[in-house]
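Single-structure report; data block below.
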Amino acid sequence: MSDLALDRDIDRSKMQVSDEVAIEITNMNKWYGTFHVLRDINLTVNRGERIVIAGPSGSGKSTLIRCINRLEEHQQGKIVVDGTELTSDLKNIDKIRSEVGMCFQHFNLFPHLTILENLTLAPIWVRKTPKKEAIETAMYFLEKVKIPEQADKYPGMLSGGQQQRVAIARSLCMKPRIMLFDEPTSALDPEMIKEVLDTMIELAEEGMTMLCVTHEMGFARQVANRVIFMDQGQIVEQNEPEEFFNNPKSERTKLFLSQIL
Ligand code: ADP
Ligand code: MG
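full-length UniProt numbering applies: residue 1 is where the sequence shown begins, and numbers increase by one.
Right, here's the structure in full:
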């Protein structure tokens, strides 16, 4: 756990939340076999929101995030992403995957491909983007995450923080409208956490809709417009950061905060 002070000016004026709904989850339940992992989840995310999902280990944060791009299937209730309901229809799943980018704790870059090849693989082979255009887009996003000079290197030659920024750039190359982050900084050394958070802050400042599972409470305070607390498969409490941290309502939230802050 960490509460890194972010020493950079954060321009919240650019982080506008619109009235348009990006994700709508209604009465959603999920089981792993007989284990009821997500219970009656109701959540509406508007375009431009930056949501931090917090909660103890095993509370269902990853499962919730993974249901939103159908890496996991829910069994009850409804998930609608950008107007498309998540069903077993493969066409819908393709559409969702193209609109929702995901970034994990482990970067999952292909070790035998260069950074540039990692970034252009899906655009060329999945999206059928012409190679020249895919390379231009990849270089644009590598500039954005501030490591264009690493384009021809292999992942193993980069630091963890650089690899995670490559992973974010790789998602961005697919031009997602929503980004999901699952503990993107948890595997990183402290000095590298900040550079990844900086990249995430820049995305937020550009108006990206973001759901982030993270223990970085400094990020939650300064960047999130809403913090959601999960425990035992439920959304226990949600509020704007100031209220969430200074005036938690439930005993479970208070206990959690007392342990991490
Ligand atoms: P969190 O991300 O909050 O730590 P997870 O969503 O990973 O929580 O897991 C929630 C619960 O579901 C945990 O008890 C975990 O052991 C269980 N779980 C996660 N993935 C699976 C799976 N594929 N099969 C069975 N149980 C799982
Ligand atoms: Mg998790």
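Just so you know, even glycine gets a beta-carbon here, dropped at the ideal spot from N, CA and C. Nothing here was measured: the structure is a model prediction, and the numbers come from that model.
Between which two residues does the beta strand (DSSP E) holding residue i run?
i    : result
F181 : I178 to D182
R165 : Per DSSP, R165 belongs to no beta strand (DSSP E); it is in the alpha helix (DSSP H), G160 to L172.
F229 : R226 to D231
Between the C-alpha atoms of residue i and residue j, what's the straight-line distance to the nearest angstrom?
i           : j    : result
V166        : N92  : 27 Å
V80         : I23  : 6 Å
K144        : A169 : 8 Å
W31         : V37  : 5 Å
D189        : G156 : 16 Å
D152        : T34  : 47 Å
R12         : G58  : 32 Å
E242        : M217 : 11 Å
residue 319 : I96  : The structure shown has nothing for residue 319, since the chain only spans 1 to 261.
M1          : F181 : Confidence in M1 is poor, its pLDDT being 49 and thus under 50, which makes the residue's placement too unreliable to answer from.
T114        : N247 : 48 Å
E149        : M139 : 9 Å
S88         : D198 : 36 Å
D231        : I260 : 15 Å
G55         : N29  : 18 Å
K254        : H215 : 15 Å
L142        : I228 : 31 Å
Q76         : A122 : 32 Å
T26         : K132 : 42 Å
T120        : S250 : 46 Å
G160        : I147 : 13 Å
According to DSSP, residue i sits in a beta bridge with which residue or residues?
i    : result
M210 : R50 and M179
K30  : L38
I79  : I25
V45  : I23
M102 : L180
T120 : In DSSP, T120 forms no bridge with anything.
T84  : V81
I235 : M230
Mind reading off the beta-carbon distance from residue i to residue j? Whole number of angstroms is fine, and I expect it under 8 Å.
i    : j    : result
E49  : V17  : 5 Å
C103 : T137 : Wrong, their Cβ atoms sit about 17 Å apart, outside the cutoff.
P72  : T84  : The sequence as given places Glu at residue 72; Pro does not occur at that position. Not a contact, Cβ separation roughly 17 Å.
E99  : R177 : 5 Å
R226 : I51  : 5 Å
I10  : V223 : 6 Å
I235 : L43  : 7 Å
M179 : G101 : 5 Å
Quick check on the DSSP output: the alpha helix (DSSP H) that includes residue i runs from which residue to which?
i    : result
N246 : P241 to N246
V196 : P190 to E205
I68  : K61 to I68
K217 : In the sequence as presented, Lys is not what sits at residue 217; that position holds Met. That run of the alpha helix (DSSP H) goes M217 to V223.
R252 : E251 to I260
T137 : K131 to K144
Closer than 7 Å to a non-hydrogen atom of the ligand NAP - does that hold for the CB of residue i?
i    : result
D231 : This structure does not include the ligand NAP; its bound ligands are the ligand ADP and the ligand MG.
I want to know whether the segment 120–136 touches the segment 183–199 - three or more CB-CB distances under 8 Å.
no
Three or more C-beta pairs below 8 Å linking the segment 198–211 and the segment 229–248:
Too few Cβ pairs lie closer than 8 Å, so no.
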